[in-house]
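In the working numbering, the protein residues as written are 107 to 192.
Every residue, glycine too, gets a C-beta built ideally from N, C-alpha and C.
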């Protein structure tokens with residue numbers, strides 16, 4: 107899986123998803139939300155994974171960012187996301 111906004115690492119039964127700066131610095135973006143959806147969809151089908159850790163890149167501020175963006179109608183103007191949620 108080719109990812110630009112986050113990384114996925116597996117170690118035994120643990121998967122670690124790390125959000126890559128500057129995405130963490132600027133809050134959630136459409137690409138980040140799309141890729142997180144793809145990652146979690148893939149992990150859902152992985153029977154070996156028991157725990158998923160969602161984290162930010164070391165050294166980046168721990169701000170939550172704009173994870174409320176999906177609640178705004180203009181968020182869905184992105185064609186990729188319209189396809190994903192339709």
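Beta bridge counterpart(s) of residue i as assigned by DSSP
{"i": "residue 110", "result": "BP columns for residue 110 are empty, so no partner."}
{"i": "residue 155", "result": "Answer is none; residue 155 lacks a bridge partner."}
{"i": "residue 123", "result": "114 and 160"}
Whole-number beta carbon distance between residue j and residue i, since they are thought to touch under 8 Å
{"i": "residue 101", "j": "residue 111", "result": "This structure does not reach residue 101, given that the chain is present from 107 up to 192, and the question cannot be answered."}
Per-residue burial, residue i [other beta carbons within 10 Å of its own, 16 or more giving buried]
{"i": "residue 162", "result": "buried"}
{"i": "residue 157", "result": "exposed"}
{"i": "residue 148", "result": "exposed"}
{"i": "residue 141", "result": "buried"}
{"i": "residue 159", "result": "exposed"}
{"i": "residue 120", "result": "exposed"}
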